[in-house]
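Engineer:
Protein chains: 2
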Amino acid sequence: MKNAEVTIEGHTLGECTKSILPVRDALEVLSGKWKLPIIISLMFGNKRFSQIAREVPGITDKMLSKELRDLECNELVKRTVFDSIPVVVEYSLTEYGHSLKVVIEVLREWGSKHRERMMVEA
Amino acid sequence: MKNAEVTIEGHTLGECTKSILPVRDALEVLSGKWKLPIIISLMFGNKRFSQIAREVPGITDKMLSKELRDLECNELVKRTVFDSIPVVVEYSLTEYGHSLKVVIEVLREWGSKHRERMMVEA
DNA sequence: TGTTTAACTATCCTTTTGTATAGTACTTAC
DNA sequence: GTAAGTACTATACAAAAGGATAGTTAAACA
Numbered sequence: 015m016k017n018a019e020v021t022i023e024g025h026t027l028g029e030c031t032k033s034i035l036p037v038r039d040a041l042e043v044l045s046g047k048w049k050l051p052i053i054i055s056l057m058f059g060n061k062r063f064s065q066i067a068r069e070v071p072g073i074t075d076k077m078l079s080k081e082l083r084d085l086e087c088n089e090l091v092k093r094t095v096f097d098s099i100p101v102v103v104e105y106s107l108t109e110y111g112h113s114l115k116v117v118i119e120v121l122r123e124w125g126s127k128h129r130e131r132m133m134v135e136a
Numbered sequence: 015m016k017n018a019e020v021t022i023e024g025h026t027l028g029e030c031t032k033s034i035l036p037v038r039d040a041l042e043v044l045s046g047k048w049k050l051p052i053i054i055s056l057m058f059g060n061k062r063f064s065q066i067a068r069e070v071p072g073i074t075d076k077m078l079s080k081e082l083r084d085l086e087c088n089e090l091v092k093r094t095v096f097d098s099i100p101v102v103v104e105y106s107l108t109e110y111g112h113s114l115k116v117v118i119e120v121l122r123e124w125g126s127k128h129r130e131r132m133m134v135e136a
């Protein structure tokens with residue numbers, strides 16, 4: 015299986031195209047304005063719905079609840095309901111979610127430099 | 015200026031929120047389905063429009079031309095017109111564009127592992 | 001003469017993403 | 001009793017992203 019050719023719709027793919035595919039897979043899970051910010055906020059510790067809402071600037075309740083559901087589906091986030099009164103729901107990163115740490119660190123560094131660059135130009 | 019407080023709309027921000035901001039800056043430039051794939055294809059060498067179109071699976075001409083313009087605006091990509099007959103247009107990564115190499119490598123690695131994980135589950 | 005290549009632009013349409021606003025059910029604090 | 005907090009869902013809508021298809025200009029190839 016080692017030298018099997020990667021194909022899409024019957025076409026053999028070049029080096030370049032092949033190297034794009036895994037990045038596309040990553041982008042699919044992390045796509046959109048909110049997923050990484052939510053994950054970052056959970057890297058600082060387990061949180062409840064409204065805590066996340068406060069810490070991720072600009073997010074609405076609707077987006078937050080939708081994105082949390084997506085992240086749960088992809089097993090990056092775990093949802094735990096405590097049946098205390100009133101009900102408390104806690105969100106936490108799974109181990110798999112924590113594996114995004116490197117990705118986030120690299121993006122943060124690039125983003126910082128990018129922001130600096132923009133400031134200088136303006 | 016070292017200990018200046020970071021604020022948004024007059025609010026002082028917590029640790030967590032502050033650490034989200036640079037990532038958001040990065041996401042803004044790289045957002046969408048196509049920008050990173052295009053950049054990757056240019057990391058393999060300078061290319062012309064239709065070459066990129068062939069190497070990035072699934073992209074339409076419209077998306078490609080729009081995204082190239084965006085990337086040019088952000089100084090990640092350079093557009094060079096050779097006034098030969100017929101006109102040839104070449105796209106290349108700027109030095110700044112090459113600074114995304116690390117980001118892409120990390121995403122590619124995470125994406126590969128993610129794909130494997132999905133395969134096993136299914 | 002018709003087809004292909006190159007580098008696009010234009011139009012129309014659907015889907016996704018995001019915003020605004022309101023409402024629910026229950027509880028504690030003032 | 002009224003307000004505020006908790007964890008949402010519901011509705012309606014606007015904007016952005018993406019897709020499908022076709023058209024342009026001009027040369028080269030068969």
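As you go down the protein sequences, you meet chains A and B in turn.
Each residue of the first sequence is one higher than the one before, counting from 15 in my numbering.
Each residue of the second sequence is one higher than the one before, counting from 15 in my numbering.
Each residue gets a CB set at the ideal place from its N, CA and C atoms; glycine is no exception.
In the stretch 62 to 85 of chain A, which residues sit with their C-beta less than 9 angstroms from some C-beta in chain B, listed in chain order?
Structural biologist: Residues R68, E69, V70, P71, G72.
Engineer: Considering only DSSP beta bridges, list what B/K94 is partnered with.
Structural biologist: Looking at the sequence itself, residue 94 of chain B is Thr, so the reference to Lys does not match. DSSP lists B/E104 as partners of B/T94.
Engineer: Say yes only if the C-beta of B/R129 is nearer than 7 angstroms to one or more non-hydrogen atoms of the ligand GTP, and no if none qualify.
Structural biologist: The ligand GTP is absent from the structure shown, which contains no ligand whatsoever.
Engineer: Can you tell me whether B/E109 is buried or exposed? The criterion is at least 16 other CB atoms within 10 Å of its CB, across all chains shown.
Structural biologist: Flag for B/E109 reads exposed.
Engineer: Quick one: is B/V91 buried, meaning 16 or more other Cβ sit within 10 Å of its Cβ, or exposed?
Structural biologist: It is buried - the Cβ of B/V91 has at least 16 other Cβ atoms within 10 Å.
Engineer: By alpha-carbon positions, which one of B/I99, B/K32, B/L121 ends up nearest to A/R68?
Structural biologist: Taking only the C-alpha atoms, the option nearest A/R68 is B/K32.
Engineer: With H, G and I counted as helix, E and B as strand and the rest as coil, what does DSSP make of B/T74?
Structural biologist: Correct three-state label for B/T74: coil.
Engineer: Please report how far the alpha carbon of B/I53 lies from the alpha carbon of A/P100, in whole angstroms.
Structural biologist: One C-alpha to the other measures close to 50 angstroms.
Engineer: Under 8 angstroms, Cβ to Cβ, is there at least one residue of chain B near A/L121?
Structural biologist: Chain B contact via Cβ: present.
Engineer: Within a Cβ cutoff of 8 angstroms, which residues of the same chain sit near B/W48, ignoring the five residues on either side of it in sequence?
Structural biologist: Excluding residues within five positions, the ones whose Cβ falls inside 8 angstroms are V70, I73, M77, L78, E81.
Engineer: By a C-beta neighbour count over all protein chains shown, 10 Å radius and 16 as the cutoff for buried, is A/S98 buried or exposed?
Structural biologist: Under this definition A/S98 is an exposed residue.
Engineer: In the DSSP assignment, what residue or residues form a beta bridge with A/T26?
Structural biologist: In the DSSP output, where bridge partners are listed per residue, A/T26 has A/T21.
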